[in-house]
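In the working numbering, the protein residues as written are 40 to 164.
The following block contains the structure:
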């Protein structure tokens, strides 16, 4: 992982990940009232520097124009990097995760595992 996220950066990223559309600074405080504008601005500057987010466009909010932002890093990729840097054994983590999933998700996981096995076997031959 290139950079570790601070708590405030993570809060901002979680709002972006949960949103289905680009967000402006004022949108963040609507989605998460615990965030204030100055905190969001500082976090966005830092996240832009780290290339974890990108400017999606510019929208008019009342009488002013504001940038909107989208994540460049997916939540899945971020969590995967955190996991890979941890000391947790992947087998035991995966086993604990599987125990919490429903049948539909387990079927999807089985398909992914089978596809990966096929890819690995093709590489070996």
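C-beta atoms are modelled at their ideal positions from N, C-alpha and C, and glycine is treated no differently.
In this structure, what does DSSP give as the bridge partners for residue i?
| i | result |
| --- | --- |
| residue 70 | Its beta-bridge partners do not exist; DSSP assigns none. |
| residue 97 | 106 |
| residue 92 | 110 |
With respect to the beta strand (DSSP E) encompassing residue i, which residues constitute its N-terminal and C-terminal limits?
| i | result |
| --- | --- |
| residue 117 | Where residue 117 is concerned, there is no enclosing beta strand (DSSP E), although the alpha helix (DSSP H) it sits in stretches over 114-124. |
So is residue i in contact with chain B if we call contact Cβ pairs under 9 Å?
| i | result |
| --- | --- |
| residue 147 | Annotation note: the requested chain B is absent from the structure, which comprises a single protein chain. |
For residue i, which three-state DSSP category applies?
| i | result |
| --- | --- |
| residue 62 | strand |
| residue 140 | coil |
| residue 103 | strand |
| residue 43 | coil |
Contact check, residue i vs residue j under 8 Å by CB: the rounded distance?
| i | j | result |
| --- | --- | --- |
| residue 70 | residue 54 | 5 Å |
| residue 111 | residue 92 | 6 Å |
Pick out whichever of the options has its Cα sitting closest to the Cα of residue i.
| i | options | result |
| --- | --- | --- |
| residue 76 | 148, 133 and 64 | 64 |
| residue 46 | 60, 79, 140 and 88 | 79 |
| residue 88 | 155, 61 and 48 | 48 |
| residue 84 | 44, 129, 158 and 135 | 44 |
| residue 105 | 67, 136, 124 and 115 | 67 |
| residue 59 | 50, 109, 122 and 142 | 109 |
Looking at the secondary structure, which residues open and close the alpha helix (DSSP H) in which residue i lies?
| i | result |
| --- | --- |
| residue 35 | Not covered by the structure: residue 35. The range shown for the chain is 40 to 164. |
| residue 85 | 76-88 |
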